[in-house]
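Enquirer:
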Amino acid sequence: MRRLVFGLILASLAWLVGLAAFITTLPAPANGAGEIAARLVGGRSDAVVVYTGGGGKRITAGMALLADGVAERLLISGVHPDITRENVAEFWSGAPELFECCVDLGWEARSTIGNADETAQWVGDHGATRIVLVTSEYHMPRALAESRMTMPDIEITPHPVASGYLNENGKPASRKAWGQLAGEYNKFVLTKIKALFAFARN
51 MRRLVFGLIL ASLAWLVGLA AFITTLPAPA NGAGEIAARL VGGRSDAVVV YTGGGGKRIT
111 AGMALLADGV AERLLISGVH PDITRENVAE FWSGAPELFE CCVDLGWEAR STIGNADETA
171 QWVGDHGATR IVLVTSEYHM PRALAESRMT MPDIEITPHP VASGYLNENG KPASRKAWGQ
231 LAGEYNKFVL TKIKALFAFA RN
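My numbering numbers the first residue of the sequence shown as 51 and each following residue consecutively.
(1) Span of the beta strand (DSSP E) holding E205?
(2) Please say whether P79 and E187 have beta carbons closer to each other than 8 Å?
(3) Quick one, are the C-beta atoms of H176 and E234 less than 8 Å apart?
(4) Please classify M51: is it buried, with 16 or more other beta-carbons within 10 angstroms of its beta-carbon, or exposed?
(5) Please specify which runs of the alpha helix (DSSP H), each continuous and at least 4 residues long, are wholly inside the stretch 117-157, giving them in chain order.
(6) Between the alpha carbons of T110 and T102, how many angstroms are there, rounded?
(7) Would you mind sorting R108 into buried or exposed? The rule is 16 or more other CB atoms within 10 Å of its CB.
(8) Whole angstroms is fine: what's the gap from W157's alpha carbon to P222's?
(9) Using the rule of at least 16 other Cβ atoms within 10 Å of the residue's Cβ for burial, across every protein chain shown, is F238 buried or exposed?
(10) Could you name the residues that DSSP lists as bridge partners for Y101?
(11) Helix, strand or coil for P202 per DSSP?
(12) Of the residues H209, P208 and G229, which one's Cα is nearest the Cα of Y215?
(13) Report the three-state DSSP secondary structure of L216 (helix, strand or coil).
(14) Would DSSP call S186 helix, strand or coil?
(15) Identify, in the order they occur along the chain, each residue of the same chain with its Cβ nearer than 8 Å to the Cβ of E196, setting aside the five sequence neighbours on each side.
(16) Compute the distance between the beta-carbons of D96 and E122, then report whether it is under 8 Å.
(17) Taking the alpha carbon of R180 as the point to measure from, which residue in C151, V99 and R160 has its own alpha carbon closest?
(18) Which value, in whole angstroms, describes the spacing of the CA atoms of P131 and F247?
(19) Below 8 Å between beta carbons: does that hold for M201 and V173?
Next up, the structure:
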């Protein structure tokens, strides 16, 4: 019994240390098109991809990158089935013809794994080899891990968006934020374990 209790204590401490490391290493939210363009070869990418969630902040950020010329096309992955193209157009402030020609919506994805699968199909259809990935800063580590497993030959540049879960000091902003970040950390750990097994099989 003592060994069991001791093992549980060690496991809990390891989890807490891991959670703290996860939170402190989350990427800072990007400041806009200028910042991401400076990290891209030639200042441009083939496409911008948004993994939906967290309200409209991610969609707005992705649309801003397209409007500012960072890429030629935009995929918004994981759109809710009840959301129409007209609903999404309400977030668009650029030229209407650019939205009509170059913004694609994916309604199939229901998870981060689904986002990666949907994006892989889309980039293959459009011949893209470089994408800018837009999602919340706390979701970015797992989104990158899943996407790189699914699309190992695609160059992925992250564009993190502020979720509101972290304060100006990079600490969880509330009890709800702690819960959200802890849940995301657990999912991230499972994703990394899956990646290790996938690597071992190869």
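We put the CB at the ideal spot given by N, CA and C, even for glycine. Small disclaimer: the values here were computed from a predicted structure and weren't measured.
Expert: On the basis of the supplied data:
(1) E205 to V211
(2) yes
(3) no
(4) exposed
(5) Uninterrupted alpha helix (DSSP H) stretches at least 4 residues long and entirely within the stretch 117-157 occur at 135-139 and 146-152, given in chain order.
(6) Rounded to whole angstroms, T110 to T102 spans 10 Å at the Cα level.
(7) buried
(8) 31 Å
(9) Answer is buried; the Cβ neighbour count reaches 16.
(10) As a beta-bridge residue in DSSP terms, Y101 pairs with S127.
(11) Assignment of P202 by DSSP, reduced to helix, strand and coil, places it in the coil class.
(12) G229
(13) strand
(14) S186 carries a strand assignment under DSSP once its states are collapsed to helix, strand and coil.
(15) T162, I163, N165, A166 and T241
(16) Yes.
(17) V99
(18) 33 Å
(19) Result yes, Cβ atoms of M201 and V173 sit closer than 8 Å.
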